[in-house]
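Just below is one structure, and these are the notes that go with it.
Protein chains: 2
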Amino acid sequence: MSDQTQELELAPEAEDEAYKLNQKAVASILYAVEIDDAERLTELMEPLHAADIADLLEQISSFERTKLIRLYDREFDGEILSELDESIREEVIAVLAPQVLSDAVRDMDSDDVVDLVEDLEDAQAETILDALEDVDRAAVEQALAYPEYSAGRLMQREVVMAPEHWTVGQAIDFLRKTPEDDLPDQFYHIVLVDPRMHPVGNVTLGKLMRSKRATLLRDILEDTFQVIPATQPEGDVAYAFNQYHLISAPVVDDEGRLIGVITIDDAMTVLDEEHEEDILRLAGVGEGSLSDRVIETTKQRLPWLAVNLLTAIAASMVISQFEVAIAQIVALAVLMPIVASMGGNAGTQSLTVAVRAIATRDLTGSNVWRVIRRECLVGLVNGVIFAVIMGIVGVIWFGSPALGYVIAVAMVINMVVAGLAGTGIPIVLERVGVDPALASGAFVTTVTDVVGFFAFLGLAAAVLL
Amino acid sequence: MSDQTQELELAPEAEDEAYKLNQKAVASILYAVEIDDAERLTELMEPLHAADIADLLEQISSFERTKLIRLYDREFDGEILSELDESIREEVIAVLAPQVLSDAVRDMDSDDVVDLVEDLEDAQAETILDALEDVDRAAVEQALAYPEYSAGRLMQREVVMAPEHWTVGQAIDFLRKTPEDDLPDQFYHIVLVDPRMHPVGNVTLGKLMRSKRATLLRDILEDTFQVIPATQPEGDVAYAFNQYHLISAPVVDDEGRLIGVITIDDAMTVLDEEHEEDILRLAGVGEGSLSDRVIETTKQRLPWLAVNLLTAIAASMVISQFEVAIAQIVALAVLMPIVASMGGNAGTQSLTVAVRAIATRDLTGSNVWRVIRRECLVGLVNGVIFAVIMGIVGVIWFGSPALGYVIAVAMVINMVVAGLAGTGIPIVLERVGVDPALASGAFVTTVTDVVGFFAFLGLAAAVLL
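Top line first, the protein sequences correspond to chains A and B.
Each residue of the first sequence is one higher than the one before, starting from 15 at the first, in my numbering.
Each residue of the second sequence is one higher than the one before, starting from 15 at the first, in my numbering.
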């Protein structure tokens, strides 16, 4: 109890945002580190959850981090390692004393060790594998044999299972006599298997406890039951958990034999990571976290900026075709970014909705044409509204009805094209196997820039000169 | 078992993307609807999970939907209603026969009814509340008394609890003699409460089953235990589940008394919705789903386009200050969008990382200055790289070293400003209580457009004229 109370005081700031690390607590911890007070540091860190300690380590400077870890060394456990962001894991592992590292690793569940090892450099991965007992090492290496980001990597190998002909009483007796170490830390279901080890259903512990000892397990199976192939991408696994409200699901090999189980907390982590990835990709950031260094961040963002430069140069080349017109009517240069910008914005709206709908399997063959038509219509309606506004602005600003007419028509054209490109491009990219979140943005902006400048300047040249 | 096998054939397309509705199955269903074959329709729908039926209804046209529901009427259950997207729920409820609707609703858990009723118009909500039994209706109305998007709305009221002095044996006997209807459908923990009904810890069912009957429940509590206030926003609840790997957490009222429980599957749904909302807001789409009609979608997107128009006009006004320069050197009009576009892109990168870091509580007082400095440095390094490239392009394209020099310097300035604005603006918005995902984009683009055009054209006017 006292731990709990203390945690409430230290970790989340009740007045401010919930679950945000308390700034005062962080300051006290950093002060203890500065004055080398290991005892005080341990006292301050003790009530913190491993996930919060990891966040703390990510938020302080590299210098403070090294000092803190050296001082906190003996208390450092495996859970903190699992919670740490990839970008600083290697740094932290390099700082930890070898003995502390092996103790920490030996404490971890096999799926957490897999998650840790897969992102490390070979030398560090080897150190960690060496720290494991032979059985655990074999389990980790088997998991690593599955493709990255597959169900096989995500699953835990410890499964509570029972033959399909067992009764409730048999299952309870079996659970009671199995040594604690052979059971997973947390489990919510018993997986029923047939003689060939194919999973046939799940029994929840709640149902098991409440049923008579003579009841057959197969008579109290859960309604919803999904079997997951070990090679399935983890994104699909997360989708299945979210779609079918699964709590745990058995994982099977190529022959359909039970080899592990995935629980909802792991699926939730994956869902979170996939979303994060989609958001960052849509913004052209690739990967990246706050704890990355300047040089890494620069490298991650550079390719996207390079693509954007090509897009921008393409747009400039369109403009350069109309130098004569611009030289005669400078107002064209003033107004031309508006048409391109509105198209770019409308295109981004359409493309974001399309990319999300593809990710959530809501955009399929059944509704693709209806969706494209809808986006074009939305572009048309909004285009007409803003065309009228900009037409009026053009007339008032530059006193030229013809200029107002030109910008209005260009606006309508570009916004319809934006709806078409914003929906069509992600769909086509997905069909040819490219992640639409990654590449759609550059294509759509190129289209709306080129069409925007061309329609506006082209019409102007035709009408006004 | 036969259901399971059939489901595997019909629902996910093994060859194609997992869990995507099988196009052939959808076509057969729509054909059965077209020829009014209710029997065949029921046969085809039977193996589908409620979540998949909901997806199917979202993906077909409004006309097909109405016909399908009329034909499928008697089989329509509450779970399908819960899974349906808000945008078509009202339409579906209006089509359902009153008797079918009340049967469907009476089948649902109270938290699902809350979720359904809160988004409906008053008349429809009243119809549904009327269909409930008095006890259930009271429970739903109590939940609706909590603010929208709060833990109080999210929780289920059925909690399995035990006094803290109980033994394992007492808890098991209690569970066995409680009528099935008084227990939640799924539960994973028993919540221990003190005499004043304050929750003091969780016992997992797995641990309960494996412990001796005489063991005290308080001796087998879970390590991680988080209590959630009923008024806490659901986004914070989802964060806590994800951060602390919770499976279920007790919800308490203002006096800290246990009033309900939230389970991880609900938290996962919220996490998914919050992410979705962030992605759509970052793209200026507000809300919106594929099943919205043209007119609704147009309305949702219009405000963001209007904001963008103001931004674009502001940029145009900057350009109009330099009409004289542009009239003399038309190359300026050709090149000026490049500087603005690169700045806008770099700014979007910084702002997306900042918005996400704020959402995940990774950007705090401890590291805010380090992050801002890093983003500016990244902008500087990338700015210099692209300045050199664009300087060379400028010289080659227009044969003017001075023009190359001007575009290079403007590029560096704008990309540093992009890093500063992209990080600073979301931080400031969050401090003043505005959702940074919602508003940052418009501000950042305005800054990078204005600074981009001003730096490039201003320098050009000063140097080249």
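From the three backbone atoms N, C-alpha and C, an ideal C-beta is built for every residue, glycine too.
Just so it is clear, the structure is predicted and the values come from calculations on it, not from any experiment.
Asked, Found
"Which term fits Phe-412/B, buried or exposed, when burial requires 16 or more other beta carbons within 10 angstroms of its beta carbon?", "buried"
"Roughly how far, in whole angstroms, is the beta-carbon of Ala-424/A from the beta-carbon of Thr-462/A, given that I think they are within contact range, below 8 angstroms?", "The pair is not a contact, with the Cβ atoms about 12 angstroms apart (cut-off 8 angstroms)."
"Report the neighbours of Ser-75/A on chain B: residues whose CB is nearer than 7 angstroms to its CB, in chain order.", "Arg-384"
"Since Thr-462/B is in the alpha helix (DSSP H), which residue starts that stretch and which ends it?", "450-478"
"CB-CB under 6 angstroms to Gly-300/A, same chain, minus the five flanking residues each way: which ones, in chain order?", "Gln-314"
"In three-state terms, what does DSSP make of Val-205/A?", "strand"
"Confirm, please, whether the CB-CB distance from Leu-70/A to Ile-49/A is below 8 angstroms.", "no"
"Report the CB separation of Thr-245/A from Ser-164/A in whole angstroms; it is logged as a contact under 8 angstroms.", "5 angstroms"
"If you check the beta carbons only, do Asp-250/A and Ala-32/B fall under 8 angstroms apart?", "yes"
"Since Ser-101/A and Asp-129/A are thought to touch, with beta carbons under 8 angstroms apart, how far apart are those beta carbons, to the nearest angstrom?", "So it is not a contact: roughly 15 angstroms between Cβ atoms."
"Between Ala-320/B and Val-284/B, is the Cβ-Cβ spacing less than 8 angstroms?", "no"
"Apart from the five residues on each side of it in sequence, which residues of its chain come closer than 8 angstroms, Cβ to Cβ, to Val-477/A?", "Ala-416, Tyr-419 and Val-420"
"Would you tell me roughly how many angstroms separate the C-alpha atoms of Asp-99/A and Glu-72/A, rounded to the nearest one?", "7 angstroms"
"Find the nearest neighbour of Val-40/A within the set Arg-445/B, Ile-403/B and Ser-380/B, judged by alpha-carbon distance.", "Ser-380/B"
"Mark Val-183/A as exposed unless 16 or more other C-beta atoms lie within 10 angstroms of its C-beta, in which case mark it buried.", "Note on residue identity: the sequence assigns Gly, not Val, to residue 183/A. So Gly-183/A counts as exposed."
"Can the beta-carbon of Met-350/B be found less than 8 angstroms from the beta-carbon of Phe-470/B?", "yes"
"Helix, strand or coil for Leu-134/A, going by three-state DSSP, please let me know.", "coil"
"Could you check where the alpha helix (DSSP H) with Ala-252/B kicks off and where it finishes?", "248-258"
"Should His-203/B and Thr-181/B be called a contact, given that it needs their Cβ atoms to be closer than 8 angstroms?", "no"
"Could you name the residues that DSSP lists as bridge partners for Leu-346/A?", "BP columns for Leu-346/A are empty, so no partner."
"Mind checking if Glu-337/A is an interface residue toward chain B, Cβ cutoff 8 angstroms exclusive?", "yes"
"Figure out for me which residue from Asp-199/A, Arg-370/A and Leu-206/A has the closest Cα to the Cα of Ile-234/B.", "Asp-199/A"
"Just checking: is the beta-carbon of Leu-480/A within a distance shorter than 8 angstroms of some beta-carbon in chain B?", "No information on residue 480/A is available, as it lies outside the stretch 15 to 479 that chain A covers here."
"Using the beta-carbon count (16 or more within 10 Å), is Val-431/A buried or exposed?", "buried"
"Would Asp-126/A be called buried (16 or more neighbouring beta carbons within 10 Å of its own) or exposed?", "buried"
"Is it buried or exposed, Lys-221/A, if we count other Cβ atoms within 10 angstroms and call 16 or more buried?", "buried"
"Put Ile-74/A into one of helix, strand or coil per three-state DSSP.", "coil"
"Helix or strand or just coil, what does DSSP make of Ile-276/B?", "strand"
"Mind checking Ile-276/A: buried by the 16 CB within 10 Å criterion, or exposed?", "buried"
"Please determine, among Pro-243/A, Thr-325/A, Thr-311/A and Gly-433/A, the residue with the shortest C-alpha to C-alpha distance to Tyr-160/A.", "Pro-243/A"
"If we cut at 8 angstroms on Cβ distances, does His-259/A have a partner in chain B?", "yes"
"Would Leu-391/A and Val-308/B qualify as a contact pair, given that the criterion is a beta-carbon distance under 8 angstroms?", "yes"
"With a CB to CB cut of under 6 angstroms and the five nearest residues on each side skipped, what residues in its chain are close to Asp-144/B?", "none"
"Using 8 angstroms as the threshold, is the C-beta distance between Ile-386/B and Thr-437/B below it?", "yes"
"Below 8 angstroms CB to CB, which residues in the same chain sit around Arg-103/B once its five sequence neighbours on both sides are set aside?", "Leu-95, Leu-130, Asp-133 and Leu-134"
"Return helix, strand or coil for Asp-50/B, following the three-state DSSP convention.", "coil"
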